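Working notes, beginning with the structure itself.
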Amino acid sequence: MALTRAQIVEGLVKILGEEKVITDEQVLKESSIDRFRKYEDICGVYTQPIPAAVVKIENAQEVSAVLKFANENIINVVPRTGQSATEGGLETAVENSIVVDGSGMNKIVKIDPYNMQATCECGVSLQVLDDLLREQGYTTGHSPQSKPLAQMGGLVATRSIGQLSTLYGGIEDMVVGVEAVFPNGEITRIKNVPRRAAGPDIRHVIIGNEGALCYITEVTVKIFKYMPENNIFLGYTLENMKPGLEILREVMVEGYKPSVARLYDPEDGAYHFSHFADGKCVLIFMAEGPKAIAEATAKAIEEIAAKYDECKKVDTQFIKTWFDHLNWDPKKVAEERIEIAETQNIGFTTEVSGNWDIIHDIYEACCERVRNEIPDITMMGGHSSHSYVNGTNMYFMYYYNLVDVEPEEEITKYHNPINKIIVEETLKAGGSMVHHHGVGKHRTHWIKEEYESSYYILETLKKAFDPNGIMNMGTILPIKK
Amino acid sequence: MRYTVILNGCASNFISQAEEINGFLSDHGTASIKGNTIIFYCEDEKKEALIANAPTACLQLVKVSRYQPENVLEILKQHALTQDTDLYLFPSDFAGSELCVRFAYRMVGSSLVGVNGMEIGEEKLICRKAVYSNHMQGEFVLRQKPYCISIAKGCAENKPAPDMLRRVISEVDMTQVSEDSFVKSYEFAAEVSPSGLEHVGVLMVAGRGVKKQEKAERLEEIAGALGAALGVSRPVAMNGWVPMNRLIGVSGVMAKPELCITAGVSGAAALFAGIEKSKYIIAINTDERASIVKSSDVAIIDDYEKVLEELLKIVKASE
Amino acid sequence: MKMMVCFKAVPDLEMLSEEDWAADSNLKVDLSFVRNILNCFDESALEMALKLSDVSEGFDVLLNLTAFTIGDQKSDTYLKTLYALRFKKAVRIESNEDLRFFPDVTATVISQYVREINHQDVIVLGRQSGEGDNGKTPLLVAEMLEWPCITQVIRIEPDTEGSLKVTNMVDGGTLTQTITTPCVLSVGNAPNSYLRVPTLKDKMKYGKTPIEVLDIQQFNIQALLDDCRHGCELKGLEKISHKRQGIIIEGETPREKARILYDSYLKERLEKL
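Chains as they are written, first to last, in our numbering: chain A, 6 to 486; chain L, 5 to 323; chain C, 862 to 1134.
Structural data, given as C-alpha cells:
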C-alpha cells in the first residue's frame, strides 16, 4: 500500500535527519512548480499536487538512500538544483512527491588547469564556478541566460546551451565525466578522459535525462582560456530575417566560429535594441579566442556581411552594452513579477531547431499562426541564437494580455495553444520541437512525433533504468493514463 | 547680499522645514549676511510657536486662509514683501521645491531644486546638487538674481533654531487673496501614520527581492522585533504593498539612521541616495556582485529571508 | 476634454557600470548606447491618463488624449504604442539637442505648442526625469501658460467636461480637489501605474497612424538655449562614489552568518541605540 505523506516524511527523516527534510507549507507549494507556472505563482494559486517534502541532500550516498527508499515505496522524485527551469520539469505532477534539492552540494571539487577540466558537485552555481575560473584566467565557455541562477547538475540534466555556443558548443560538448545515482541506489561514475571508443557514449544517457532516469551528483567539464581582451563585437541591422539567416549560414558554412551569432526579428529586437534598431532585424556577432583568430573571424564576418546590401553596420558599443546585461538575475526575475501582476501582461518562450532549408519557413509559419489564432497577443517574435553548420535554432518570444482568466486557466487559454502551434509547425517541417530548455512536462504529448521510430530507444531507457516509474514522472515521457 | 527664507507655517512639518534650513544656513557660513524669514500661516494660535522656531531673527508673517500655491505665489510677487533680497531659500518639501521654481520664474530670476551645497560669489551663486539619479554631483552657476533655491532632502543636519530675540517686522492678512478660484472643492486628509523614516535610528529597507504582499508583512514584523522601521524600494512601493511614504530614495524619503539593514536591495543609485547618510550599512543580498555590497559596511551573501529569520531568533534569545 | 501627456524616453541608468559614469570636456555623459525606457513618472502619467479615459465615458466626458515628446526617432516606438493604446494623437518635436539641463527650453516648446498649435485643457507631465533631475518642467509650463498647477499628483478622476477630480500628495497628507480646467498636472509617486501593453491587433490597427513631427528649430530654441545658459548653467560633473568597506561575512549557513553579524557587528550597535 502506498505510504501516506506522514510516513514518507518519517522515512526521509530517518534517512537524513530532521534538519534536511523541509515540510514548510509555503516552501512545498513553491516547490510544486517552476517558471512555466509563474503566473500561478504570482497569484499564489498552486494547482499541482503539493510535494510531501523537499529534502536537502549533501552527498551521493544520501541521494542513493533517498532514491532507494522512493523506489521501494513507489514515490515520485523530482530532482532539482538551481530552480531556473522553464518547461515544467520541476512540477510535482504526482501526489506526495519528494523534491530532492541538490543546491547544498556546492563544493568545487577540483580545478585542474593542466588537464583543462573542472570537477564540481551538482549544486555549484555556474556563475560561482565561472567567476572563480575567470579570476584564474579560465572559463567554462558556458553562458546561458540563467547563469546567475542555474547550477551544474540542472544544466547537465537539461542539455543546457549558452550564448557562446557557436564556439564552445552546448553542455554536451563540455561534459567530460559525470557521477549519477540511479533509482535502485546505484552510484555510477563515468571517468574523465579526452575521448574513447569503448562502446556507446553512455554519458548521453545522463546528459539531458531531465531527472527522469537518474540524479546527477557531480560533473566534470572542460575549461578554456579566458581572453576577454580579444573580444570583438559586431552588430548589423537588416530589413528581413531571410538574408540574416543567409549570413549566419554563410559564416558557419565557410568554417568560422564566432562565439555569439544571433539574429533578432524586429519584434523581439525592439525590447533590447529600440535605441538603435529602428524597427529592423538585428544581427549580432562576437568573435573571441586568441587575438589572431578573433581578428580573422571578425574580418571574415565583416566581409560576408558586406556582400548583403541591406545589412547595415552599427556602433559596436551598443552590442557590448547589450551583452553585459543579458542574463536573468534574481533582481530581474523579481521585477518581472511586479510588472506581470500590474499590467496583466505575461511572456514566455519556446525554442525549436531546424536545418537551414526549413528554419525560415518555421519562423514565418509560427509567427503568422500565433498572431492570427491566439487572442490578446501583444508580442510574437523570435531570434536565432545558436548556429551549426547544418542549421540553427529559433527562440520564439511571445507576450499576451491576460483577459478574463483565472490564474489556473492561463496555461490552457494561451500558453499551451501557442506551444502547440510552434511544436506542430516545427515537427511538420522536419525540425526539432526542443532546442535547449528540455522537454519538461508540457511538450511530452509530441514526444513520439519528435523521436519517430527512435522512440523505441528512449522508451527502453526509461523502462530499464526506472522500471518503477519514480523519476520525475511526466517529464520527457507523458504519464500513461 | 541678503537672503530670505520662505516657510509654510500651515503645514504640520513646519519645525522640520525650519530646522533643515537652519542646518543648511549654518553649514554655509551665512552668519555674516543679513537674512529674514517669511512665514505663511493660517492659525493664530500657532503663531507663537512659528516665531520661536524661525531660523532668522527678522520675520515677516503673512496670514492666509490655507496653504494654496497659486495664492502664495501671488502674495509673494505682488506685495513687495521681498524687496532687495538676492537669495531665496526654500525647504526641501513638496511646497518648497514647487514655490522655488515658480517664484523664480515670476521674478525673472534663476532657480535650482534640490541643492546640497552653495557658495556665494561675486554676482553669481554656485550650487551643487545630485543629478543622473544620484550617480553624479553637478555644479551649477546661477547668474540671474534673485537666486531661488530649494535645498536637497536630508543634505543638512536638522538644527533647532538658535535662542535669539526675534523681531516681527511686518504682519499682513492676505486671507482675501483668491487666485485659487479654479478649485471648486477640496478635501484634505492628514497622513494617517506619518512614516517618520527620516528620523529613525534603525532602518530596514526591503528591495526587489520582496515578491509578495505577505513577504512585505513578514518583513515589517521582523523589522519591528529588531527595533527598526521598514522602508522599501520603488517597485515594492509601486505595488501598493506598503504606503507610499515608506519609499526610500531620490523620489521618497532621505533617511540618515545610525544603522541601516538592506534586504534584497540591489543598490540602484536612486535608492541608495535615501540611505547614503546612514552611519552604518548592513547589506543582505543573494548576489555578491550587486552594487549594494560594495556600498555597505558589512554584507551577507545569502537569502535575506533566511538570514533575517535567524537573526530574529538570535536577537530574541539574547533579550 | 483635451488632455496632453508629455513623456520622455530615457536611458536605463541601471544598465551602466561604475566606469561608464564619466563626463567629457563638454560635461556630456554618453548614454546613447544604453537601452531606453520610459521615465518612470511619465509612465505613471501615461497610464493615469488611460485609466481616466477608461472611466470617463461613464461621466459623459469625452477624453481626447495627445501624447507629446521631444527627441529623435527613437521615441517613435513609444508613440506608436500609445496610438495602439488609443491615444488620439502622437506628437514628436524632432530634436537632437541635448536638453538634459535645459528644462526652460523643454517647457517653452511644450507651452508654445499648446498655445499656438494644439490647444489643450489639461497637460500632464511626470515631475522629473532621472538624467537632469531638474524637477522644473511641469512648473515652468504652468507659469508660461499662466495656468494653475497641481504637483505630486497620484490620481485623476473624471468630473465634468470642464473639470477633474485630482488627488495629490502635499506636505503632511493628501489633498483631493475638484478643479476646473485649464491646468497642469505634475505626476508624483503614484502606486500601481505601469503602462499597459497593447495587443498586436491594436498595434496593427492603430499603431500605424502617422506621428505628427515638428522641427524644434521652429520654436527658436537657439536664442532660448543661450538665455537659459545665462540664467543657470551646469559647470561641473563628478561621479558620486558610494563605496564603503564592504566586508563580506563568511559562513556556511544563514544561521551561522546571522550569528557572526550579530556578535561582531550588530550587538554593540543595537545596544548603543
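Ideal Cβ placement from N, Cα and C applies to all residues, glycine included.
Every value quoted in this text rests on a predicted model; they were computed, and no experiment measured them.
Have a look at L/V236 and L/E314 and give me their C-alpha separation to the nearest angstrom.
-> As a first step, residue 236 of chain L is located in the second sequence; it is residue number 232 there, counting from the start. As a first step, residue 314 of chain L is located in the second sequence; it is residue number 310 there, counting from the start. Between L/V236 and L/E314, the C-alpha separation is close to 21 Å.
Can you give the Cα-Cα distance for C/L1131 and L/K317, rounded to whole angstroms?
-> Numbered from 1 along the third sequence, position 270 holds the residue referred to as residue 1131 of chain C. Numbered from 1 along the second sequence, position 313 holds the residue referred to as residue 317 of chain L. So the alpha carbons of these two residues sit roughly 15 Å apart.
Rounded to whole angstroms, how far is the Cβ of A/F187 from the Cβ of A/F470, which I believe are closer than 8 Å?
-> Mapped onto the first sequence, residue 187 of chain A falls at position 182. Mapped onto the first sequence, residue 470 of chain A falls at position 465. Indeed, because the Cβ distance is near 6 Å, the residues count as touching under 8 Å.
Using 10 angstroms around the beta-carbon of A/M384, count the other beta-carbons present and answer buried if the total reaches 16, otherwise exposed.
-> In the first sequence, the residue the question calls residue 384 of chain A occupies position 379. Buried, because 16 or more other Cβ atoms sit within 10 Å of the Cβ of A/M384.
Would you mind working out which of A/M402, A/F328 and A/L432 sits nearest A/H420, comparing C-alpha positions?
-> Stepping through the first sequence from its first residue, residue 420 of chain A is reached at position 415. Of A/M402, A/F328 and A/L432, the residue nearest in Cα terms is A/M402.
Under 9 Å between beta-carbons, which chain A residues line up against C/P1059? List them in chain order, please.
-> In the third sequence, residue 1059 of chain C corresponds to position 198, counting from 1. By Cβ distance, chain A contributes T383 and N406.
Please specify which runs of the beta strand (DSSP E), each continuous and at least 3 residues long, are wholly inside the region 209-296 of chain L, giving them in chain order.
-> 233-236, 263-267 and 284-289
Flag this pair as touching only if the region 142-157 of chain L and the region 94-113 of chain L have three or more C-beta atom pairs under 8 Å; answer yes or no.
-> yes
What is the rounded straight-line gap between the Cα of C/K950 and the Cα of L/L234?
-> Start at 1 with the first residue of the third sequence, and residue 950 of chain C comes out as number 89. Start at 1 with the first residue of the second sequence, and residue 234 of chain L comes out as number 230. Whole-angstrom Cα-Cα distance: 43 Å.
Nearest-angstrom Cα distance between C/R1016 and A/I363?
-> Here the question's residue 1016 of chain C lines up with position 155 in the third sequence. Here the question's residue 363 of chain A lines up with position 358 in the first sequence. Distance between the alpha carbons of C/R1016 and A/I363: 52 Å.
Contact under 8 Å by Cβ, C/M909 with C/V1048 | For the purposes of this step, residue 909 of chain C is identified with residue 48 of the third sequence, where counting begins at 1. For the purposes of this step, residue 1048 of chain C is identified with residue 187 of the third sequence, where counting begins at 1. Yes; because the gap between Cβ atoms is below 8 Å, this pair is in contact.
Below 8 Å, can you find three or more Cβ-Cβ pairs linking the region 56-75 of chain L to the region 168-181 of chain L?
-> yes
Closest to L/I55 by CA distance: which of L/E309, L/E292 and L/R170 is it?
-> Numbered from its first residue, the second sequence carries residue 55 of chain L at position 51. It is L/R170.
Buried or exposed for L/F192, please, with buried defined as at least 16 other CB atoms from any protein chain shown within 10 angstroms of its CB.
-> The count along the second sequence starts at 1 and reaches residue 192 of chain L at position 188. Label assigned to L/F192: exposed.
Chain-ordered residues of the region 130-149 of chain L with a beta carbon less than 9 Å from chain C = I130, C131, R132, K133, A134, V135, Y136, S137, N138, H139, M140, Q141, G142, E143, F144, V145, L146, R147 and Q148
Can you tell me whether DSSP reads C/V970 as helix, strand or coil?
-> Taking the first residue of the third sequence as 1, we reach residue 970 of chain C at position 109. Of the three classes helix, strand and coil, the one that applies to C/V970 here is helix, per DSSP.
Are L/A227 and L/M208 touching if we call contact CB-CB under 8 Å?
-> Position 223 of the second sequence, counted from the first residue, corresponds to residue 227 of chain L. Position 204 of the second sequence, counted from the first residue, corresponds to residue 208 of chain L. In this structure, L/M208 lies closer than 8 Å to L/A227 by Cβ.
Any Cβ of chain L within less than 8 Å of the Cβ of C/Q981?
-> On the third sequence, position 120 is the one that residue 981 of chain C refers to. Output row for C/Q981: interface = no.
Determine which residues share a DSSP beta bridge with L/E191 and list them.
-> Locating residue 191 of chain L in the second sequence gives position 187, where the first residue counts as 1. DSSP output for L/E191 lists C/T1037 as bridge partner(s).
Shortest alpha-carbon distance to A/A65 belongs to which of A/E223, A/G204, A/L169 and A/Y173?
-> Here residue 65 of chain A corresponds to residue number 60 of the first sequence, with the count starting at 1. Among A/E223, A/G204, A/L169 and A/Y173, the Cα nearest to that of A/A65 is on A/E223.
Report yes if the CB atom of C/I1108 is closer than 8 Å to the CB atom of L/D301, and no otherwise.
-> As a first step, residue 1108 of chain C must be located in the third sequence, where it is residue number 247. As a first step, residue 301 of chain L must be located in the second sequence, where it is residue number 297. In contact: C/I1108 and L/D301 (Cβ atoms closer than 8 Å).
Can you round the beta-carbon distance between C/N1053 and L/G244 to whole angstroms, since I take them to be within the 8 Å contact cut?
-> To locate residue 1053 of chain C, count along the third sequence from 1; it is residue 192. To locate residue 244 of chain L, count along the second sequence from 1; it is residue 240. C/N1053 to L/G244, Cβ: 5 Å. Contact.
Exposed or buried, A/S458, counting other C-beta atoms within 10 Å across all chains shown (16 or more means buried)?
-> Sequence index remark: in the first sequence, residue 458 of chain A carries index 453 (1-based). A/S458 is exposed by the Cβ-count criterion.
For the alpha helix (DSSP H) holding A/P205, just list the boundary residues, first then last.
-> Position 200 of the first sequence holds residue 205 of chain A. Careful: A/P205 lies outside any alpha helix (DSSP H) and carries neither H nor E.
Looking at the unbroken beta strand (DSSP E) that takes in L/M140, where does it start and where does it end?
-> Along the second sequence, one-based indexing puts residue 140 of chain L at 136. Where L/M140 is concerned, the enclosing beta strand (DSSP E) stretches over M140 to L146.
Spatial neighbours of L/V117 within its chain, please: CB distance less than 8 Å, with the 5 preceding and 5 following residues excluded, ordered by chain position.
-> Position 113 of the second sequence holds residue 117 of chain L. Only S101, C104, V105, K133, I153 and S154 meet the Cβ criterion.
Step through the CB atoms of chain A and report whether any lies within less than 8 Å of the CB of C/F948.
-> Along the third sequence, read from residue 1 onward, the residue named residue 948 of chain C stands at position 87. So no, C/F948 is outside the interface.
Going along the region 358-377 of chain A in order, which residues come within less than 7 Å of chain C, judged by CB to CB distance?
-> R376
First and last residue of the alpha helix (DSSP H) that includes C/S1024?
-> Working through the third sequence from its first residue, we reach residue 1024 of chain C at position 163. First-last for C/S1024: S1024 to V1031, but that is the beta strand (DSSP E), not the alpha helix (DSSP H).
Along the chain, where does the alpha helix (DSSP H) that runs through A/S69 open and close?
-> Here residue 69 of chain A refers to the residue found at position 64 of the first sequence. A65 to N78 is the extent of the alpha helix (DSSP H) around A/S69.
Residues that L/D97 contacts on chain C, provided the C-beta gap is smaller than 8 Å | The residue you call residue 97 of chain L lines up with position 93 of the second sequence. Those within 8 Å of L/D97 in chain C are D1032.
Does the ligand ZN have even one heavy atom less than 7 Å from the beta-carbon of C/S893?
-> Only the bare structure without any ligand can be found here, which leaves the ligand ZN out of the picture.
Can you name, in chain order, every residue of its own chain whose Cβ lies under 6 Å from the Cβ of L/D31, other than the five neighbours on each side?
-> Position 27 of the second sequence, counting from 1, holds the residue named residue 31 of chain L. Same-chain partners within the cutoff: A160.
Which first and last residues belong to the beta strand (DSSP E) in which A/T354 is found?
-> What you label residue 354 of chain A is simply residue 349 of the first sequence in a count that begins at 1. Its beta strand (DSSP E) spans residues N350 to N360.
Which of helix, strand or coil DSSP assigns to C/L1046 | In the third sequence, the residue the question calls residue 1046 of chain C occupies position 185. Correct three-state label for C/L1046: strand.
Anticipated Cβ contact below 8 Å, A/I351 with A/Y404, distance rounded | Numbered from 1 along the first sequence, position 346 holds the residue referred to as residue 351 of chain A. Numbered from 1 along the first sequence, position 399 holds the residue referred to as residue 404 of chain A. Yes, A/I351 and A/Y404 are in contact; Cβ-Cβ is about 7 Å, under 8 Å.
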